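Trainee: The sequence shown lines up with residues 7 to 234 when you count with my numbering.
We treat Cβ as the ideally placed atom computed from N, Cα and C, and that holds for glycine.
Values in this document were obtained by computation on a predicted structure and should not be read as measured data.
I have a structure here, written as structure tokens, and I will follow up with some questions on it.
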Amino acid sequence: WTSDQIPKYLKKYWHHRYSLFTKFDEGIMMDEEGWYSATPEALATYQARRMPCNVIVDAFCGVGGNAIQFAMTCEKVIAIDINPTRLQCAKRNAEVYGVAHKIEFILGDFLTVAADIKADAVFLSPPWGGPKYLQAEVFDIPTMLPIDCNALISASKRISPNICMYMPRNSNLKQLIALADPGSQVELEAEHLNGRLKAYTTYYGNLAGGGEGDVMDVDHNEWLSIFE
Ligand code: MGP
Ligand code: SAH
């Protein structure tokens with residue numbers, strides 16, 4: 007990509023290209039959806055440091071923003087995406103960062119592929135329906151997430167109870183918390199970059215409590231009032 011190849015609505019992402027990938031100029035490959043959905047490198051680095059493990063699944067790897075950072079903190083990454091172009095970009099980008107050998111790339115639908123995988127943790131950065139997700143005051147997960155959220159959590163739990171989910175900053179937070187099993191804990195972390203709220207990350211299973219977010223007991227209803 008060069009600056010004049012970028013459609014107008016993606017220009018702001020071009021301006022932020024080095025916050026998406028600090029090695030952008032070393033051969034990073036992108037496509038349109040990659041531009042607006044890649045996790046900024048500083049956030050992906052933080053998330054990866056929070057969940058070091060043996061095998062991690064990046065269920066929606068996109069152009070590899072998270073998979074690359076997980077490869078730095080985990081022994082092995084299983085990176086899945088349904089889109090062949092973006093999976094190619096992810097492979098190339100992992101080569102740029104020198105970590106492609108630590109990542110197994112799988113082309114497919116996570117909801118199907120999940121049945122055959124076992125791992126220590128699962129990272130979910132599903133599609134949010136494009137940049138228009140911010141047009142709604144509140145992102146209502148059951149109606150606005152392009153993927154069935156309950157199916158997503160069940161498929162993930164078959165792999166591991168330790169799940170991390172990267173979701174819109176206007177998400178209905180109660181819905182994110184309600185995805186946790188009753189009796190368990192969940193941690194909700196606001197992701198800031200340059201002083202601006204970018205997204206919410208929720209940590210389930212053993213991952214809850216390992217960071218700087220608010221930890222809540224899911225069988226304890228007091229947290230509900232926090233978000234009234
Ligand atoms: P953004 O919509 O570009 O908001 O998304 P931003 O940059 O805060 O816009 P501003 O004009 O208000 O400043 C912020 C971040 O959310 C992106 O960098 C991505 O990491 C993530 N993101 C955005 N979308 C549309 C998606 C998506 O569909 N899926 C995933 N997984 N992440 C997304
Ligand atoms: N975290 C990534 C961005 C993920 S964007 C990064 O930092 O680069 C969400 C991705 O989910 C898109 O690339 C899209 O192709 C993929 N996707 C959508 N539906 C999917 C499905 N059912 N299974 C696997 N991947 C899917």
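1. Return the chain-ordered list of same chain residues with a C-beta closer than 6 Å to the C-beta of A33, the five sequence neighbours on each side being excluded.
2. My understanding is that F145 touches P174, with C-beta atoms under 8 Å, so please give their C-beta distance in whole angstroms.
3. For R56, collect the residues of the same chain with a Cβ closer than 7 Å to its Cβ; drop the 5 residues on either side in sequence, then sort them by chain order.
4. Measuring straight from C-alpha to C-alpha, what distance separates P46 and K82?
5. Which residues in the same chain as P13 place their Cβ atom closer than 8 Å to its Cβ, once the five residues preceding and following it in sequence are excluded?
6. As a quick exercise: from V63, T149, E195, pick the residue whose alpha carbon is nearest that of K163.
7. Once the 5 residues before and after I232 are set aside, which same chain residues still bring their CB inside 6 Å of it?
8. Taking the Cβ atom as the reference point for each residue, do A48 and T79 lie within a distance shorter than 9 Å?
9. Mind checking which residues open and close the beta strand (DSSP E) that includes L140?
10. Quick check on DSSP: helix, strand or coil for S177?
11. Specify the secondary structure class of Y52 as computed by DSSP and reduced to three states.
12. Does the distance from the CB of L213 to the CB of E193 come in under 9 Å?
13. Would you check whether the ligand MGP has a heavy atom nearer than 8 Å to the C-beta of K18?
Mentor: Concretely, from the data shown:
1. Sequence inspection shows Gly at residue 33; the Ala mentioned does not correspond to that position. Closer than 6 Å at the Cβ level, and outside the excluded window around G33, lie V102.
2. 4 Å
3. G216, G217
4. 21 Å
5. E38
6. V63
7. With a pLDDT of 48 at I232, under the threshold of 50, the modelled position of this residue cannot be trusted, and the question is left open.
8. no
9. Taken as a continuous stretch (DSSP letters only), L140 belongs to no beta strand (DSSP E), as it is neither H nor E.
10. strand
11. helix
12. yes
13. yes
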